[in-house]
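Participant:
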Amino acid sequence: MMKKQLSILLIAMSINFVSCSDDDDVKKQTATFKVTVKNVFTPKTYQNSGTISLIKPGESEEFTFNAGKGSYLSFANMFVKSNDLFYGFSDTGLSLYDANGNAVVGDVTDEVQLWDAGTEVNQEPSNGSNQPLNQSGPNTGGTEGGNIQVVNDDFTYPAVEDVFEVSISHDGGTMFTVKIENNSATASIVTPFAPGVWAVHSDQVKLFENGTTASSALEKLAEDGDNADFDTLLMDNSGHFSPFAPGVFAINKSGVMPIFTNNTSNSGNGLEALAEYGDPSILAASLSGFSDVNQSGVFNTPDGASSPGALLPDNSYSFTFTAEEGDYLSIATMLVQTNDLFYAFADKGITLFNNGIAVTGNMTSQINLWDAGTEVNEYPGAGNNQPVRGGGNSGPAEGGIVKIVNDGFTYPANADAIEVTIELQ
Ligand SMILES: [Ca+2]
Ligand SMILES: [Ca+2]
Ligand SMILES: [Ca+2]
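In this text, residue positions in the sequence shown follow the numbering used here: the first is 73, and each later residue adds one.
Laid out in structure tokens, this is it:
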């Protein structure tokens, strides 16, 4: 029914247009335009991160985050009654999904080790004069000049599981809650855990690296329980970013909605494939057969690249075309780290001429992030049905309408993600 109404509307518009055009004696302006679609995201090292408060014996702390398949959790918490020892998983981090793609849940304490930052000479645990509860001030103690390693000295430490407990619960989506408990009240050494840090990351990233010199941020965390520098470093380098997928453009007549109609379910023109898994070919074929679209095409090869591919931060797609007065420009490109979101202008596109003058400049303020309404949205950058993790056409159908995204999740400001500019050739 919706589709039928749309067709009637379009026919009416095209008749209207033809009649105007026939009566038009003034020669129309034409111009050759170059449109550049740039990915202006700032790449981030960590997907998410945060701090862990001081945890005294008998106390615990929880933190929550969203993470998709392929994600790892790392943390570092100082063993306070030492010079520079901290608890953490292996330097790879803990894989949050098993080999079958199931979320890892339950007690994972047996993955925790006691690490030596290699920055301060170790003294007998609990009794060392240069340890935080005994020393005169921060950064007191003999310089060790060593590397990060699992503690390996002549002192005796309580077993990790007698002191430290970490467990994970999962809500069935992508949300994990981690609980760290201090059980040292009944251990051979009773110790607080100093303020620490945690981060979620890929297998290409480490919070700290075995066999290397500790960063100054890790040194402060491990020697004095000062997590401020590490927190700043993580905050500056954590967050969502995304490639864009190959997209389409159309040069359409005024009042025509070539790619989608706002607040209307998608008509099956190929927008779904573009928006869900970044395949613009079906939509491009539909557009090429659309009588109210003068020209259309795919933009799929990053500038400077020799073959089609996704658009990574600081890269651009561009395309050129010649248009005449009365023509509008429409574009669509998928925001890859989502289920079915795409960047586009309003459904009618943007005018390419104002009072006979070709439009040029930065058009980003006219871009919106649209939801195709075809696949249920998951947490951006974590959802396991998003292309990077789910691939192809996975994910529950949404049965919704095309609209500016409004799903409760947080997305970057459009201008922090995409820049669209037009210049004359
Ligand atoms: Ca040491
Ligand atoms: Ca010290
Ligand atoms: Ca959706």
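We put the beta carbon where it would ideally sit given N, CA and C, even for glycine.
So within the region 396-456, which uninterrupted beta strand (DSSP E) runs reach at least 3 residues, ignoring any that extend past its ends?
Facilitator: You should have 399-406, 413-416 and 440-443.
Participant: How is the beta strand (DSSP E) around isoleucine 323 delimited, first residue to last?
Facilitator: 319-325
Participant: Quick one: Cα of valine 328 to Cα of aspartate 364, how far?
Facilitator: 7 Å
Participant: Can you give me the Cβ contacts of proline 129 inside the same chain, cut-off strictly under 6 Å, excluding the 5 residues immediately before and after it?
Facilitator: Asn254, Ser256, Ala257 and Val262
Participant: Since alanine 454 contacts glycine 140 with CB under 8 Å, what's their CB separation in whole angstroms?
Facilitator: 4 Å
Participant: In this structure, does DSSP put methionine 74 in helix, strand or coil?
Facilitator: Unreliable placement is indicated for methionine 74, whose pLDDT of 38 sits below 50; the coordinate value is still reported in the next sentence. Helix at methionine 74.
Participant: Using a 10 Å radius around the Cβ and a threshold of 16 neighbouring Cβ atoms, would you call aspartate 188 buried or exposed?
Facilitator: Result: buried.
Participant: Using DSSP bridges, identify the partner residues of tyrosine 118.
Facilitator: Note: tyrosine 118 sits in a beta bridge opposite Ser310.
Participant: Would the beta-carbon of lysine 278 fall within 8 Å of that of threonine 191?
Facilitator: no
Participant: Out of curiosity, what's the CA-to-CA distance linking asparagine 338 and phenylalanine 371?
Facilitator: 22 Å
Participant: Within the present structure, is the beta-carbon of aspartate 479 separated from the nearest heavy atom of ligand 1 by less than 7 Å?
Facilitator: no
Participant: Let me know the secondary structure DSSP gives serine 337 once reduced to three states.
Facilitator: coil
Participant: Is it buried or exposed for isoleucine 429, if we count other Cβ within 10 angstroms and need 16 for buried?
Facilitator: exposed
Participant: Take the Cβ of lysine 99 as the centre, count every other Cβ of all protein chains shown within 10 Å, and call the residue buried at 16 or more, exposed below.
Facilitator: exposed
Participant: Once you ignore the five residues that flank serine 353 on each side, which residues in its own chain have a CB closer than 8 Å to its CB?
Facilitator: Shown here for serine 353: same chain residues with a beta carbon closer than 8 Å to its own, the five before and five after excluded, namely Gly342, Ala345 and Val370 in chain order.
Participant: Just how far apart, CA to CA, sit leucine 383 and leucine 413?
Facilitator: 15 Å
Participant: Within the same chain, show all residues whose beta-carbon is closer than 8 Å to that of glutamate 131, passing over the 5 residues directly before and after it, in chain order.
Facilitator: Glu253 and Asn254
Participant: Would you mind reading off the limits of the beta strand (DSSP E) that contains aspartate 296?
Facilitator: Boundaries around aspartate 296 are those of the alpha helix (DSSP H), 288-296, since no beta strand (DSSP E) includes it.
Participant: For valine 112, which three-state DSSP category applies?
Facilitator: Residue state, collapsed to three classes: coil.
Participant: Give me the Cα-Cα distance between alanine 356 and isoleucine 323, rounded to the nearest whole angstrom.
Facilitator: Straight-line Cα distance between these residues: approximately 12 Å.
Participant: Given this structure, state the Cα-to-Cα distance separating serine 437 from asparagine 174, to the nearest angstrom.
Facilitator: 41 Å
Participant: Have a look at the DSSP bridge pairing and note the partners of lysine 475.
Facilitator: Asp443
Participant: Is isoleucine 354 helix, strand or coil by DSSP?
Facilitator: helix
Participant: Thinking just about the alpha-carbon of each residue, which of Phe313, Ser326, Asp225 and Asp156 is nearest to the one in proline 385?
Facilitator: Phe313
Participant: Quick one: what does DSSP say threonine 249 is sitting in, helix, strand or coil?
Facilitator: strand
Participant: Where glycine 471 and glycine 361 are concerned, what is the direct C-alpha to C-alpha distance, given to the nearest angstrom?
Facilitator: 26 Å
Participant: So which of Val184, Gln497, Ser402 and Tyr144 has the shortest CA-CA distance to leucine 168?
Facilitator: Tyr144
Participant: Let me check one thing: in DSSP terms, what residues is lysine 106 bridge-paired to?
Facilitator: DSSP lists Thr392 and Glu495 as partners of lysine 106.
Participant: So alanine 148 and alanine 395 are supposed to be a Cβ contact under 8 Å. How far apart are they, rounded?
Facilitator: That pair is no contact at about 57 Å.
Participant: Following a CB-centred definition, is aspartate 443 positioned closer than 7 Å to any heavy atom of ligand 3?
Facilitator: yes
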